[in-house]
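The next block holds one structure in the form of structure tokens; read it before the comments.
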Amino acid sequence: MDIPKIQWYPGHIAKAEKKLSEVINKVDLVIEVRDARIPLSTGHPHLNKWINNKKHILVINRSDMISPSTITSWNKWFNAKDQYPHWCDAKRGIGIKEICKSAKESRSSIDDRRLSRGMKIRSIRALTLGFPNVGKSALINRIAKKRVVDSARKAGVTRNLRWIKLESGIDLLDAPGVIPPNLEDQKSALNLALCDDIGEAAYEIESVAIGFIKIISTLSKDKNANISVKLISNRYGVDITKGFESPSDWIDEAASKHTSGDKRRMSHKLLEDYRNQMLGKIALEVPKWN
Numbered sequence: 055m056d057i058p059k060i061q062w063y064p065g066h067i068a069k070a071e072k073k074l075s076e077v078i079n080k081v082d083l084v085i086e087v088r089d090a091r092i093p094l095s096t097g098h099p100h101l102n103k104w105i106n107n108k109k110h111i112l113v114i115n116r117s118d119m120i121s122p123s124t125i126t127s128w129n130k131w132f133n134a135k136d137q138y139p140h141w142c143d144a145k146r147g148i149g150i151k152e153i154c155k156s157a158k159e160s161r162s163s164i165d166d167r168r169l170s171r172g173m174k175i176r177s178i179r180a181l182t183l184g185f186p187n188v189g190k191s192a193l194i195n196r197i198a199k200k201r202v203v204d205s206a207r208k209a210g211v212t213r214n215l216r217w218i219k220l221e222s223g224i225d226l227l228d229a230p231g232v233i234p235p236n237l238e239d240q241k242s243a244l245n246l247a248l249c250d251d252i253g254e255a256a257y258e259i260e261s262v263a264i265g266f267i268k269i270i271s272t273l274s275k276d277k278n279a280n281i282s283v284k285l286i287s288n289r290y291g292v293d294i295t296k297g298f299e300s301p302s303d304w305i306d307e308a309a310s311k312h313t314s315g316d317k318r319r320m321s322h323k324l325l326e327d328y329r330n331q332m333l334g335k336i337a338l339e340v341p342k343w344n
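Here the sequence shown stands for residues 55 to 344, where the numbers follow the working numbering.
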């Protein structure tokens, strides 16, 4: 599949990553946050280097945006790799108790290790880490049980590193979203654009909409993607299974029905409908067992 070239690395991300590298050694625990629709594309390739031997909690946010059966399949996939993610919907506070419990358990083992080395117990330093717009700030507010950081469903809201004291004896470092300086995997880059995890300045919206139609066509045969071709076709009055020469032709026909032939407006409508779940709980990534 041809992927539209997507590049995005704003200055505040570069500065944040530099600051992050300076404080990472002072952190005891890393709380990594990913997007449930694309749990692989939102995993940072440098994560293992940053974690080193630190405690790691994997949180997959926006669990409400994919189907329960897809979550079950992903759990089997992650468990086979000895990873045990916590699924949550930080916006509504679902799954937060389990994350807090895991953080407290991590704190106990960190305290025990410090005592065994003759060191004093102190507040545990935890870092929230993840791509832009995966819901880190919403998660922090839920864990803190109050609004301590700005939160919005768009990329780039958090710009600086900031320590937040929690009642549980944990100091939480809120960091801006960090993405690799070069998005070499353009399939992952497309997924980030579709999920609004990177800003629109990084891509051409019509190309991304075409990429979305291609993904729908490819994944519709996998039950874990939870794609209803009928729902999508009925919504726009254009059969997505019809033998178009290219996805661009489908957008052309849909645009003629809904946006007076304006392909850019139609592309924007398609992406917003996906992001707002008007097309169903579609997973753009599914477990691959080979």
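Glycine residues also receive a C-beta, built at the ideal position from the N, C-alpha and C atoms. Computed from a predicted structure; not experimentally measured.
Spatial neighbours of residue i in its chain, beta-carbon cut-off 8 Å, leaving aside the 5 residues before and after
i, result
"V203", "S191, I194, N195, T212, R216, I218, D228"
"D143", "N115, R116, S117, D118, G149"
"N330", "none"
"L285", "L333, G334"
"T295", "V283, S287"
"T313", "R319, M320, K323"
"I175", "D165, R168, L169"
"W343", "W131"
Under 8 Å between C-beta atoms of residue i and residue j
i, j, result
"I153", "V188", "no"
"L74", "K109", "no"
"S162", "H140", "no"
"S121", "S242", "no"
"P93", "E258", "no"
"V81", "L169", "no"
"S346", "A263", "The structure shown has nothing for residue 346, since the chain only spans 55 to 344."
"L248", "F266", "yes"
"A256", "I60", "yes"
"I178", "I197", "no"
"R251", "F298", "Residue 251 is actually Asp in this sequence, not Arg. Not a contact, by the Cβ cut-off of 8 Å."
"P99", "P230", "no"
"A337", "R91", "yes"
Collapsed DSSP secondary structure at residue i in the structure displayed
i, result
"G22", "Examination of residue 22 is not possible in this model, given that the chain is present from 55 through 344 alone."
"H322", "helix"
"D118", "helix"
"L83", "strand"
"K69", "helix"
"I286", "helix"
"K109", "strand"
"W131", "helix"
"I305", "helix"
"D293", "coil"
"I148", "strand"
"Y328", "helix"
"W343", "coil"
"F298", "coil"
"S280", "According to the sequence displayed, residue 280 carries Asn and not Ser. Here N280 sits in coil by DSSP."
"C249", "coil"
Residue i - partner residues in DSSP beta bridges
i, result
"D228", "T182, R216"
"L169", "Bridge partners of L169: none, in fact."
"D89", "N115"
"D143", "I148"
Contact set for residue i: own chain, Cβ-Cβ below 7 Å, skip 5 residues either direction
i, result
"W128", "P93, P341"
"S282", "G334"
"Y328", "L248, F266, I336"
"L101", "E86"
Cβ neighbour criterion (16 or more within 10 Å) applied to residue i
i, result
"N278", "buried"
"A206", "Confidence in A206 is poor, its pLDDT being 47 and thus under 50, which makes the residue's placement unreliable; the coordinate value appears in the next sentence. A206 comes out exposed."
"A209", "With a pLDDT of 45 at A209, under the threshold of 50, the modelled position of that residue is not reliable, and the figure given next carries that caveat. It counts as buried."
"T126", "exposed"
"Y138", "exposed"
"W304", "buried"
"D316", "exposed"
"G291", "exposed"
"D166", "exposed"
"E221", "exposed"
"A308", "buried"
"D136", "exposed"
"E326", "exposed"
"E86", "buried"
"E71", "buried"
"T272", "exposed"
"S123", "exposed"
heavy atom of the ligand COA below 7 Å from residue i C-beta
i, result
"A243", "For the structure depicted, the ligand COA is absent and the ligand set is empty, with no information on it obtainable."
Sequence-distant residues of its chain with Cβ nearer than 6 Å to residue i (five each side left out)
i, result
"K69", "none"
"W131", "P341"
"I78", "W104"
"S160", "L83, K109"
"S274", "I281, V283"
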